[in-house]
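Scroll down for the structure; my scribbles are underneath it.
6 protein chains.
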Amino acid sequence: MDIQSATWTEVRDAETNLAMVPIGSTEQHGPHAALGTDTLNAETVAETAADRLDDPVAVSPAVSVGVAEEHRQFSGTLWTSESTFRSYVRDIVESLAFHGFDRVVLVNGHGGNVAALREVAGTITRHDDAYAVPFTWFEAVGEDAPPMGHGGALETSLLQHANPDAVREDRLDDAAAEGTRRWGNWKGKVNLAFDSAEFTENGVVGDPREASADLGEDLLDAASEALVDLLETVAEHDTERPPRK
Amino acid sequence: MDIQSATWTEVRDAETNLAMVPIGSTEQHGPHAALGTDTLNAETVAETAADRLDDPVAVSPAVSVGVAEEHRQFSGTLWTSESTFRSYVRDIVESLAFHGFDRVVLVNGHGGNVAALREVAGTITRHDDAYAVPFTWFEAVGEDAPPMGHGGALETSLLQHANPDAVREDRLDDAAAEGTRRWGNWKGKVNLAFDSAEFTENGVVGDPREASADLGEDLLDAASEALVDLLETVAEHDTERPPRK
Amino acid sequence: MDIQSATWTEVRDAETNLAMVPIGSTEQHGPHAALGTDTLNAETVAETAADRLDDPVAVSPAVSVGVAEEHRQFSGTLWTSESTFRSYVRDIVESLAFHGFDRVVLVNGHGGNVAALREVAGTITRHDDAYAVPFTWFEAVGEDAPPMGHGGALETSLLQHANPDAVREDRLDDAAAEGTRRWGNWKGKVNLAFDSAEFTENGVVGDPREASADLGEDLLDAASEALVDLLETVAEHDTERPPRK
Amino acid sequence: MDIQSATWTEVRDAETNLAMVPIGSTEQHGPHAALGTDTLNAETVAETAADRLDDPVAVSPAVSVGVAEEHRQFSGTLWTSESTFRSYVRDIVESLAFHGFDRVVLVNGHGGNVAALREVAGTITRHDDAYAVPFTWFEAVGEDAPPMGHGGALETSLLQHANPDAVREDRLDDAAAEGTRRWGNWKGKVNLAFDSAEFTENGVVGDPREASADLGEDLLDAASEALVDLLETVAEHDTERPPRK
Amino acid sequence: MDIQSATWTEVRDAETNLAMVPIGSTEQHGPHAALGTDTLNAETVAETAADRLDDPVAVSPAVSVGVAEEHRQFSGTLWTSESTFRSYVRDIVESLAFHGFDRVVLVNGHGGNVAALREVAGTITRHDDAYAVPFTWFEAVGEDAPPMGHGGALETSLLQHANPDAVREDRLDDAAAEGTRRWGNWKGKVNLAFDSAEFTENGVVGDPREASADLGEDLLDAASEALVDLLETVAEHDTERPPRK
Amino acid sequence: MDIQSATWTEVRDAETNLAMVPIGSTEQHGPHAALGTDTLNAETVAETAADRLDDPVAVSPAVSVGVAEEHRQFSGTLWTSESTFRSYVRDIVESLAFHGFDRVVLVNGHGGNVAALREVAGTITRHDDAYAVPFTWFEAVGEDAPPMGHGGALETSLLQHANPDAVREDRLDDAAAEGTRRWGNWKGKVNLAFDSAEFTENGVVGDPREASADLGEDLLDAASEALVDLLETVAEHDTERPPRK
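Protein chains in written order, with the working numbering: chain A, 2 to 246; chain B, 2 to 246; chain C, 2 to 246; chain D, 2 to 246; chain E, 2 to 246; chain F, 2 to 246.
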């Protein structure tokens, strides 16, 4: 159930305590993919899982500006501080819980949000009236999928399948040619870079030429199945905090 | 230029310092109108004005959860604290300004956001690197329009014109019958109520039976023209703070 | 009962749960009216209403620095951030409520405080142990009163009646001559200005030559009667939050 | 120059960079002295010093609610959190400095404010555009004065001299009889108490029977002279931060 | 019981509700004493008292960076804002209380921490689930001890006794020669200085040549006995907040 | 150069802009390893690297309470909120940078700190006057090392080598027997647990019976070499933020 499209009476009548909050970002994804890539992909996965799940699940509007300051040197990238981001997500989850949707999956489309979401999910679960857990779709596409990158094969494929207008097909070669192959600037296990412009000329990491709508369909299938499994697990999960030792 | 749909290279190439941030809310709008009404209407007005403006203007994704705690007794209403809301809007405007879009109109669709937006626009204009000003579409539809209400003729008409799926036509009579005619619970000029459930049974204020798609088209015309005028004015406005007396 | 003038034993013995917090500002009011105009006027109205009310009501000391950054270009204007202002008012109301004065009217003398007071009253009423509501005296003087302005006929008249030393009578002509007639710099319904120095040379909006002590007496009568009515209503008001729909 | 009583044009014409902020508290002072004692006394000392100083000095309105939670068990005591208190004082000093009054003495009448004022003065001096220093009047009355206490001889005397209405003369015996003689509940040098109700029945510490208007006059003389000396020193003080070693 | 050295099972088995948090600073102490002086001394006193106390007491790791911005002009001085410092201490005490150690003595070695610790102890005692009280060792060494100073006889002696490596004996003469004898830059009772570099050339206040390991032993004896007395008192103290008057 | 052990004059004379901040935690590490394990190990690695580095490097005192609320059900675990933790680390780094040590490696011993440290390092690098980067020692011990776990072979070995008193050798069998083998409670790639007590009986993850002092020596060798390499790299690193695209 998409909350934005429903009326309050329809939400009132929905019998579920499950909710999803799609969480994206507005940030550069190379010369070929739209700035809204992460939001579009998070929405796609959340909607597909909502459709496939037997039980109803409330889906909030997407959070479309997230933790993306690392891409600020690229035009159009929007961001909020991590602190504001966590507060915004926490407030949304608390209002979902106020209506009884107190088991919430944060459906995430952006690597830069992962740590902040894990932190805020912990704060919510330990201190508020809800249980929340983040799910990042591209972590759930299986071992055989291409590497994640940024604006690479994974993200581009899902766009090609579900939001083809968001891909400039004629720029894929350029995107690949001037992109880089690995995220970050590493010394051992330490990433020395704090801005993606330190290691990629055009914002791309990976090879979007390997993308295809067919691959996108497979990825969506894998991610949404994993999300359905997670939702079913969360619905039954014992969310009581454990006793002290 | 819709930032989410554009690539960073396209945003880079846009020659403008104007931007709009559509700002809505996810909150009850009676049994007949979608919870996303305010966001949909803000987006409609912003997009129409962007189309009509001769010059390019960057349009950020909408802020779809706002200041709506007053509607919390109605299922599905989502809200953030005023403080978080201001921080979220401020961060978005600051990142727009980082890219040179430093004259920003906050295109608002929700009465409950008005005070918070005026405050944050003042903070931005006086202390950050941008000039920001809020525009609330239903304040700009002229003297002859029906009264604003909540889920009433104005909002419903604009939905019927631009997002007809968001209206449950078969519930308009019920919506009107159980709604109220005036916002608030007043003693003189003071509103004693802090929750809309104190004065409306079904969330409606006004009479949505007076709504029509034709009226919606007229409203959109008026509001988007006013917004175009505002954008043209803001583009030329002297945004220097005045000298001390 | 003026809390500052009373001893704690006298406050302990007062049988009421009503309180008022006078809230003003220290800000320019033209060349003819004192910077403390808003505080003086708020105190005058609160004290008069306290005298007229049959039942006792606790009156806290005035908050004399408020939301006034918009007047900063004029010497002597003092201000606090909106956030600090709200915290300061909230803390005062919470300590009043701690002693059982948990129905509180915020008696306000400054337009710039209105939005912040409504927000903090909502926060207090929804989340703390008190019910609070703002009352702005010049909104309660009836339809026939002159327009509000700033340092205009309304504010000057009340000073002339209750605090004549705060008016420089010999500067009224100058005040009017160099003042302006309308608050703000408007494009349609949008105020483009964030500093009053953008639209008034000497800080005046309105015509203080139309002021008189007699008019001030009438205004005080109207405002204090409205405030007495409000206090009586608040004393009986059902302050429970409404049930969920 | 009392800022509240002056017009902005008069403040503009004042040739000084000195300012004072009187800072009090609204808190129990025994059964015999008004809750506003600390504010009244701070104002008295500041006004007297302003009169005696050869040069002009801007005097802001008093901060009349301060750090007084330790007196909360006594009716009528108002307080703000230390954090809000510091923000409120800092904002006032920053707005004074905005107008050029950037050497500011915080004239304090309440022991509970001392630590918070020293902290905020340090923050202002090191990080803002002003130099600020706190002055607590009863620390400046000389070695021969009675001990400070709370509602004792010192505070009561100054009220008797400058604000006799604030003293209930007929309750002095009771005040002394049920009061205590020493502030706090001590184990060695550590005060175990965090609420004054832990060690005083009626809120009094000291013996207000030893108070007199004559003593009050002497105390005012001593404190205001010390404050004049301080203002003259601050006017000439090198407020540059020292170089690094 | 030193928490850091114990396992969680050992802490679980300890039968006590008493805890200590040693609190120091990393700041200049003249050319002869280590920057860690305050932390080392606080740890010494806390450990000695823990040994001497008949009952067990949990000792947390030391907070080694505190309120020391006043020494910033001297190399190596580290500091945190007062606000962060209070939050850090409060969080530690709250986690101690979570495990049942809800009577906590903050064992302090630095004058600059005193006010912040008193404030946070009040906040904890009034609003959290613990009773906390600060103890500053050099306030508890008796009337006959040398004056406190900074890097003077007191602090140096305790180092010489318990941490002799932290003293450069060959620089004591220089330390005394270029040091000063009184803390601060005073006008009457007001300290005009906010940086120690305003009144001491080398950071020393007092005369470290008067220090000795023997004196250090005596000081430790006095301070740790006073702390043992305090712990025994706190263990029995009625920590209920008093009833309202 | 250990800042705590040095005098300010010695720090002043050190010719380097490199610093390290050891960052640990006080949290359960099973029945066999001390609660201070993470702090001890972080200090060991930082000190060893400081010794091996040809150039001097300033080493601050360790932050010994970190992000550890997930272990709160186990006695003795201390924690601070993530927000306070970041502020505390940021303040320390800012004061290091104030003295010219503006290339800072945060030497971390606790997995729960990793995300918060990456966030605060980004904030510092982008917005303050320093470059900061986190280094987590157990990520740098090579492919052949045992898996990390918690209180497992890695951490126990380093303790056995450098702080043997922190290990209770006679409880290793019990520690292994009642411990678990994998961190978390997983559904696909999502960890459903927010408290370690949800998946480990005695706090152990991994097998501490595989630990040895010899292995600890090898681990220390690997980690400290990696840290020396990182320090040398950071010393030469171009810390300018990249230009906008």
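Ideal Cβ placement from N, Cα and C applies to all residues, glycine included. Quick caveat: nothing in here was measured; it's all calculated off a predicted structure.
Simplified DSSP assignment, three categories, for Leu36 (chain E): coil
Chain D within 7 Å of Leu231 (chain E), Cβ atoms only: Closer than 7 Å to some Cβ of chain D, the Cβ of Leu231 (chain E) qualifies, so yes.
Residues that Thr27 (chain E) bridges to, as DSSP identifies them: E:Leu79
Pairwise C-alpha distance: Leu228 (chain B) and Leu221 (chain A): 40 Å
Partner residues on chain E for Phe75 (chain F), Cβ-Cβ distance less than 7 Å: Neighbours of Phe75 (chain F) on chain E, chain order: Trp9.
CB contact below 7 Å: Ile93 (chain E) versus chain F: Closer than 7 Å: yes.
Identity of the residues DSSP links to Asn18 (chain D) by a beta bridge: Partner(s): none; Asn18 (chain D) has no beta bridge.
Given Pro32 (chain A) as reference, the closest of A:Gln5, A:Ala98, A:Glu95 and A:Thr201 once Cα atoms are compared: A:Thr201
CB-CB length for Leu160 (chain A) against Ala34 (chain A), believed under 8 Å: About 6 Å separates the two Cβ atoms, so the contact holds.
In DSSP terms, what Pro135 (chain A) is bridged to: DSSP output for Pro135 (chain A) lists A:Leu107 as bridge partner(s).
Supposed contact pair Lys190 (chain A) and Ala141 (chain F) - C-beta distance, whole angstroms, cut 8 Å: 6 Å
Of the residues F:Trp138, F:Asp166 and F:Val94, the one placed nearest Ala131 (chain F), counting alpha carbons only: F:Val94
C-beta neighbour in chain D for His238 (chain C), strict 7 Å: no
Gly217 (chain C) - containing alpha helix (DSSP H), residue span: Ala214 to Glu237
Closest residue to Arg242 (chain C) among C:His128, C:Ser82 and C:Ser88 (Cα-Cα distance): C:His128
Simplified DSSP assignment, three categories, for Ala177 (chain F): helix
Secondary structure of His128 (chain B), DSSP reduced to three states: helix
Euclidean distance between Cα positions of Ile125 (chain A) and Trp184 (chain B): 34 Å
Proximity of His72 (chain E) and Gly152 (chain E) at Cβ, strictly below 7 Å: no
Helix, strand or coil at Asp3 (chain D) according to DSSP, with G and I counted as helix: Strand at Asp3 (chain D).
Where Ala56 (chain D) falls, given that 16 or more other Cβ within 10 Å makes a residue buried: With the sequence shown as reference, residue 56 (chain D) is identified as Asp, and Ala is not the correct amino acid for it. Exposed, since its Cβ has fewer than 16 Cβ neighbours within 10 Å.
Any 3 or more C-beta pairs closer than 8 Å across the region 102-112 of chain F and the region 41-55 of chain F: yes
Rounded C-alpha distance that separates Trp80 (chain D) from Ala194 (chain B): 27 Å
Residue interval of the alpha helix (DSSP H) (run including Leu54 (chain D)): Counting along the chain, Leu54 (chain D) falls outside any alpha helix (DSSP H), and DSSP gives it neither H nor E.
DSSP beta-bridge partners of Trp187 (chain A): Paired residue(s): A:Asn192.
CB contact below 7 Å: Pro243 (chain A) versus chain F: yes
Cross-chain neighbours of Gln161 (chain F) in chain E, by beta carbon under 9 Å: Residues of chain E passing the Cβ test: none, with the nearest at roughly 15 Å.
DSSP beta-bridge partners of Val64 (chain D): D:Ile24
Per DSSP, the bridge partner or partners of Val121 (chain E): Paired residue(s): none; Val121 (chain E) is not in a bridge.
Range covered by the alpha helix (DSSP H) that runs through Gln161 (chain F): Ala154 to Ala163
Cβ of His100 (chain C) within 7 Å of any chain D Cβ: yes
Cβ-based contacts, 7 Å cut-off: residues of the region 195-212 of chain F near chain A: Phe195, Asp196, Ala198 and Glu199
Nonlocal neighbours in the same chain, by C-beta distance under 8 Å from Val12 (chain D), ignoring five residues either side: Met2, Ile4, Ala59 and His100
Phe86 (chain D): contacting residues in chain E (beta-carbon distance under 8 Å): Those do not exist, as Phe86 (chain D) stays about 11 Å from chain E at its closest Cβ, beyond 8 Å.
Cβ contact (3+ pairs, closer than 8 Å) linking the region 170-182 of chain A and the region 201-210 of chain A: Result yes; three or more Cβ-Cβ pairs closer than 8 Å.
Between the CA atoms of Arg119 (chain A) and Pro135 (chain A) - distance to the nearest angstrom: 6 Å
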